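K.L.:
To convert a position in the sequence shown, counted from 1, into this note's numbering, add 13.
Yeah, the Cβ is synthetic: ideal placement off N, Cα and C, and Gly gets one too.
What you are looking at is a predicted structure, and each value in this text was computed from that prediction instead of being measured.
The structure's right below; bear with me while I get my questions together.
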Amino acid sequence: MHRLSRAEARQVAVRAQLLDAPRPTDLLAVAEQLTLLQIDPTAAVAPSADLVAWSRLGRAYHPDDLRRALEHDRTLWEFNALVRPMADLRLYLAGMAQWPSREQPRAWLTANESFRRDVLARLADAGPLTSRDVPDTSVVPWTSTGWTNDRNVTQLLEFLAMRGEVAIAGRRGRQRLFDLAERVHPPGTPVVPLEEARRERRERRLRSLGIVRATYPGPPNELEPVGDAGEEAVVEGVPGTWRVDPAQLGRPFEGRTALLSPFDRLVHDRTRLADLFGFEYVLEMYKPKAARRWGYFALPVLSGDRLVGKVDATTDRKAGVLRVDAVHEDVPLDAEARGAVGAELADLATWLGLELGGAAVPH
């Protein structure tokens, strides 16, 4: 049983997410440590996957690096709205072969076997294609109370990707390009047996987070608690036990200032945020403007091993400005900390190719 102070636990979490100093220098190495970059279409500042990469790599990162890794080098792959290292494909193939486990998609795929064959044949002949390029020859429409109702082509392509029959080969604007998986996935990728793969995924997930509750399920498209991965730990002043990556213990820590995406893995677990960082955060883009405390897409601010505030900033491409409307200080920032936040905002603006402006730019 490891016994950690809150500061030690925070440092483990920050270091595991590559948010300490010095910065990493390689996108693939970042993806391999984090295990995933979440894709989200919201780009109030920048798309989340790009913002997460920038938070680690700084101006050495360019969005073209991600596109090249996904579409040309094939060192990364897009699966279930997450970007993952292609080297991890082996850990998902066994699960793909058994998908789906739920009755509704299984019955719908069975009823639409001719539709499936039509789509695979069209991709074989003309792929890669967007969903708009594929005719709907479904026999039974997909029914849902949500936005997917009767979106038969999109649903089938999603399902075939989950089964490993097709894969996302790239994007045309925001539209995904689908192709036969054999043209996207490296040939000869070994299939790790399902239980062994799940065990390794749990271990890799813990290494990426550093310290986490054993039962925390993760985001909706991951849902994989770390279980018994790593070793047991308690944190001073926090009830209950944790799982910790022992490789992170006893290491020196050098902090830095970082601006984070609202989808960043450091802040995704809101209960861990409160327990270890004493930090409250809610993504307010879904709230009416009048009900927001921090802003539509407020960026959490990391200073060393503490989360100290939120920056309300938006990208105004038409005006050529990264506009800072507010810097919300959870704890009072001294001149040095405020200057470090200002420097990060200036770096972010330069990376975006914009001027830094707004009434609340720190000086």
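Of the choices D318, L315, G317, V295, whose alpha-carbon is the least far from that of W307?
P.N.:
Taking only the C-alpha atoms, the option nearest W307 is V295.
K.L.:
Would you call D163 buried or exposed, if buried means 16 or more other Cβ atoms sit within 10 Å of its Cβ?
P.N.:
Looking at its Cβ environment, which holds fewer than 16 other Cβ atoms inside 10 Å, D163 is exposed.
K.L.:
Which residue marks the beginning of the alpha helix (DSSP H) containing Q24, and which one marks its end?
P.N.:
From DSSP, the alpha helix (DSSP H) with Q24 extends over 19 to 29.
K.L.:
Look up E126 in the DSSP assignment and give the residues it is bridged to.
P.N.:
Beta-bridge pairing links E126 to no other residue.
K.L.:
Please determine if the stretch 263 to 271 and the stretch 303 to 317 are in contact, where contact requires at least 3 C-beta pairs separated by less than 8 Å.
P.N.:
With a cut-off of 8 Å, the stretch 303 to 317 and the stretch 263 to 271 count as touching, because enough Cβ pairs lie within range.
K.L.:
Short of 7 Å in beta carbon distance, which residues of its chain neighbour A339, apart from the five on each side in sequence? Order them along the chain.
P.N.:
G308, D325, A373.
K.L.:
Determine the extent of the alpha helix (DSSP H) in which T254 is found, giving its start and end residues.
P.N.:
Segment 251 to 257 is the beta strand (DSSP E) holding T254; no alpha helix (DSSP H) there.
K.L.:
Can you tell me which of R212, A260, V247 puts its alpha carbon nearest to the alpha carbon of G240?
P.N.:
Nearest of R212, A260, V247 to G240, Cα basis: R212.
K.L.:
With H, G and I counted as helix, E and B as strand and the rest as coil, what does DSSP make of Q111?
P.N.:
Coil at Q111, not helix or strand.
K.L.:
Taking the C-alpha atoms as reference points, what is the distance between A137 and R28?
P.N.:
Cα to Cα, A137 sits roughly 44 Å from R28.
K.L.:
Please report the residue range of the beta strand (DSSP E) in which W90 lies.
P.N.:
That run of the beta strand (DSSP E) goes 89 to 92.
K.L.:
Using only alpha-carbon positions, find the residue among H341, D329, L358, A287 that is nearest to A57.
P.N.:
It is D329 whose Cα lies nearest to the Cα of A57.
K.L.:
Report all residues from its chain with a CB closer than 8 Å to the CB of L95; omit the five preceding and five following residues, and keep chain order.
P.N.:
Taken in chain order, the residues that qualify are L49, L50, Q51, I52, N234, E235.
K.L.:
Contact check, H15 vs L262 under 8 Å by CB: the rounded distance?
P.N.:
With 8 Å as the limit, H15 and L262 qualify as a contact, their Cβ atoms being about 6 Å apart.
K.L.:
Can the beta-carbon of L207 be found closer than 8 Å to that of G108?
P.N.:
Yes, the pair counts as a contact, with Cβ atoms nearer than the cut-off.
K.L.:
In whole angstroms, give me the CA-to-CA distance for E297 and G322.
P.N.:
One C-alpha to the other measures close to 15 Å.
K.L.:
Please work out which residues of its chain come closer than 6 Å, Cβ to Cβ, to T327, disregarding the five sequence neighbours upstream and downstream, and give them in chain order.
P.N.:
The answer, listed in chain order, is A57, R336.
K.L.:
For a test of the three-state rule: what should DSSP assign to K302, helix, strand or coil?
P.N.:
Correct three-state label for K302: helix.
K.L.:
What residues in its chain sit with their C-beta under 6 Å from that of P113, if we drop five residues either side in the sequence?
P.N.:
The residues are R119.
K.L.:
For D258, count neighbouring Cβ atoms within 10 angstroms of its own Cβ and tell me buried if that reaches 16, exposed if not.
P.N.:
By the neighbour-count rule (16 or more Cβ atoms within 10 Å), D258 is buried.
K.L.:
Measure the beta-carbon distance from L89 to M99 and round it to whole angstroms, keeping in mind my assumption that it falls under 8 Å.
P.N.:
Rounded, the Cβ-Cβ distance is 6 Å, consistent with contact.
K.L.:
Quick one: grab the DSSP three-state call for F310.
P.N.:
The answer is coil: DSSP assigns F310 none of H, G, I, E or B.
K.L.:
With distance defined between alpha-carbon atoms, name the residue in D146, R97, V248 nearest to A287.
P.N.:
Comparing Cα-Cα distances from A287 to each of D146, R97, V248, the minimum goes to V248.
K.L.:
If you count every other CB in all the chains shown that lies within 10 Å of the CB of R278, and 16 or more means buried, which is it?
P.N.:
With 16 or more other Cβ atoms within 10 Å, it is buried.
K.L.:
For I181, write down the residues that DSSP places opposite it in a beta bridge.
P.N.:
F191, per the DSSP bridge assignment.
K.L.:
Report the rounded CA-to-CA distance for P238 versus E342, giving the unit in angstroms.
P.N.:
Answer to the nearest angstrom: the Cα atoms are 33 Å apart.
K.L.:
Cβ atoms of V197 and A210: under 8 Å apart, would you say?
P.N.:
Going by C-beta atoms, A210 is not nearer than 8 Å to V197.
K.L.:
Since R187 and P54 are thought to touch, with beta carbons under 8 Å apart, how far apart are those beta carbons, to the nearest angstrom?
P.N.:
Confirmed, Cβ separation roughly 7 Å.
K.L.:
Rounded to whole angstroms, what is the Cα-Cα separation between R97 and A73?
P.N.:
The alpha-carbon atoms of R97 and A73 are separated by roughly 20 Å.
K.L.:
By how many angstroms is the C-alpha of P345 removed from the C-alpha of D149?
P.N.:
Distance between the alpha carbons of D149 and P345 is about 58 Å.
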